[in-house]
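Each residue of the sequence shown is one higher than the one before, counting from 16 in this note's numbering. The C-beta atom is built at its ideal place from N, Cα and C for all residues, glycine as well. This structure is a prediction, so every number in the text was calculated from the model and none was measured. As structure tokens, the structure follows; a few thoughts come after it.
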Amino acid sequence: MTLVRPADPATIAAAAQALRSGRLVAFPTETVYGLGGDARSPVAVAAIYATKKRPSRNPLIVHVPDLSAAAILARITPLAERLAAAFWPGPLTLVLPLADDTPLAPQVTAGGATVALRAPAHPVARALLAACACPLAAPSANRSGSVSPTRAAHVAVDLALDPRMSPEGAPLAMILDGGPCQVGVESTVLDLSGPHPRLLRPGGVTVEALAAVLGETPGRAALFPARRPTTATARPDGTAPLPSPGLLRSHYAPDRPVRLNAESTAPDEALLGFAGTPGATLDLSPAGDLEEAARNLFAMLRALDRPPYTAIAVAPLPTTGLGATLNDRLARAAAPREAGDPPDMHD
Ligand code: AMP
Ligand code: MG
């Protein structure tokens, strides 16, 4: 059996069976490919962290079909209801307080008291959720620290080349191929667990669209939040779940250095352009369409992250709408891996 399989109904049924037995399945969502496992199963959740090499302090997003499924896992606030009505299914993740009797494995939330929930719109993701009838913990299906996968082949490259990931008996049962992701950047993460909504990660739903529903622009959490645990969130080992590692500076990084707002390039540098940048090696959207640029961003960063190029220069991009999300991801890709920044801080 091949690891990558077309997402037809029979294969989705087999994938659901694998999920129910505690194994993992990578599947397409409209944002990026996810690495899914039963969010109630400590074994499946541990396999997700191990497969991604993700630090256990970094909580996972849980995918549900709709708000009623979300209400079994978390306390749904009136604001969450309004936002879900406006944006679900779609690329918006809401961080909410756990329900008292939540069936989620504690490892999903990294031992924290909140959970990040999302209802994906992709038909394959929805069919899989319906078939397995369980909440799916599903972070992006890349190795921790690297660029998110927007094609099934990216997942195979990122995860499957590890010899321990051969299909027989390995945690990852299969990668469902649903073609290229239509949004192409990760979900927007909005924290509703405090007194005011806080944007933890810009993403596929723009800040402008959120503001239209909220009636105000959500506050933005500071980059690099304090790492010292508060007594409210500290775990017995003295560490705390990260408030949102999506906030960390170096994240989504290709191997090669990335340089932003480039006006010209060095001889060995690739140039990632936008809206017809002269001399671009690749152009995110020759027509200047930000949705097209978002769809192309990660695949093009991967395509340029190889010889003969030794670095990637990126032309200036618009800063509003999805442009804010693109600039956010590129700023993280360009950020230096700081000496004092432990390797486990990257996803
Ligand atoms: P990924 O799982 O790779 O799509 O990334 C999920 C993002 O949501 C990461 O930045 C996580 O740190 C963040 N996240 C997940 N759960 C929570 C939570 N309970 N509170 C805050 N952020 C979260
Ligand atoms: Mg990720």
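Beta carbon of residue i nearer than 7 Å to that of residue j
| i | j | result |
| --- | --- | --- |
| A417 | L111 | Coverage of the chain is limited to positions 16 through 362, which leaves residue 417 absent and any answer about it impossible. |
| E201 | T46 | yes |
| G303 | A153 | no |
| P57 | A125 | no |
| L107 | V228 | no |
| H78 | R35 | no |
| T165 | P195 | yes |
| D192 | V19 | yes |
| G199 | R310 | yes |
| A328 | E284 | yes |
| A330 | T292 | yes |
| L206 | R216 | According to the sequence provided, residue 206 is Asp. The question's Leu does not apply to it. No; because the gap between Cβ atoms is not below 7 Å, this pair is not in contact. |
| N342 | T335 | no |
| Y14 | R321 | Limits of the chain in this structure are 16 at one end and 362 at the other, which puts residue 14 out of reach. |
| F42 | A167 | no |
| A146 | A28 | yes |
| Q122 | V162 | no |
| A128 | L113 | yes |
| G218 | T340 | yes |
| I76 | A31 | no |
| G338 | L287 | no |
Span of the alpha helix (DSSP H) around residue i
| i | result |
| --- | --- |
| G338 | 337-349 |
| V172 | That residue, V172, is in no alpha helix (DSSP H); it is neither H nor E in DSSP. |
| V228 | 222-229 |
| A268 | Taken as a continuous stretch (DSSP letters only), A268 belongs to no alpha helix (DSSP H), as it is neither H nor E. |
| T138 | At residue 138 the sequence reads Pro, which differs from the Thr that was named. Start and end: 138-147. |
| R35 | 24-35 |
Counted within 10 angstroms of its Cβ, other Cβ atoms place residue i as buried (16 or more) or exposed
| i | result |
| --- | --- |
| D116 | exposed |
| M315 | buried |
| P24 | exposed |
| T246 | Reliability fails at T246, whose pLDDT of 41 lies under 50, so the model's placement of it is uncertain and the value that follows must be treated cautiously. Classification for T246: exposed. |
| D81 | exposed |
| T17 | exposed |
| S83 | exposed |
| D298 | buried |
| L345 | buried |
| H169 | buried |
| G105 | buried |
| P11 | Only positions 16 to 362 of the chain appear in the structure, and residue 11 is not among them; the question remains open. |
| P74 | buried |
| L143 | buried |
| P150 | buried |
| N157 | buried |
| G234 | exposed |
| T325 | exposed |
| A364 | In the structure as shown, the chain begins at 16 and stops at 362. Residue 364 is therefore absent and cannot be evaluated. |
| R243 | The predicted position of R243 is uncertain, since its pLDDT is 39 and thus under 50; a value taken from the coordinates is nonetheless stated next. The residue is exposed, with fewer than 16 neighbouring Cβ atoms inside 10 Å. |
| A54 | buried |
| T66 | buried |
| G210 | Just to set this straight, residue 210 is Pro in the shown sequence, not Gly. Burial call: exposed. |
| R97 | exposed |
| A33 | buried |
Boundaries (first-last residue) of the beta strand (DSSP E) holding residue i
| i | result |
| --- | --- |
| V19 | 19-21 |
| T124 | Looking at the DSSP string, T124 is not in any beta strand (DSSP E), and its letter there is neither H nor E. |
| A134 | Per DSSP, A134 belongs to no beta strand (DSSP E) and is neither H nor E. |
| T203 | 203-206 |
| A114 | Looking at the DSSP string, A114 is not in any beta strand (DSSP E), and its letter there is neither H nor E. |
| L332 | First-last for L332: undefined, no H or E at that position. |
| L275 | No beta strand (DSSP E) contains L275, which DSSP labels as neither H nor E. |
| R213 | 213-216 |
| V200 | It is not in any beta strand (DSSP E) - V200 carries neither H nor E in the DSSP assignment. |
| G51 | 48-53 |
| V162 | First-last for V162: undefined, no H or E at that position. |
| A41 | 39-43 |
| A188 | 187-192 |
Heavy atom of the ligand NAD within 6 Å of residue i beta-carbon
| i | result |
| --- | --- |
| E201 | This structure lacks the ligand NAD; the ligands present are the ligand AMP and the ligand MG. |
Cutoff 7 Å: residue i Cβ touching any chain B Cβ
| i | result |
| --- | --- |
| N342 | Among the protein chains of the structure shown there is no chain B, as only one such chain exists. |
So within the region 65-107, which uninterrupted alpha helix (DSSP H) runs reach at least 4 residues, ignoring any that extend past its ends? 82-88, 93-102
Residue ranges of each alpha helix (DSSP H) run of no fewer than 4 residues wholly in the region 284-321, ordered along the chain? 305-319
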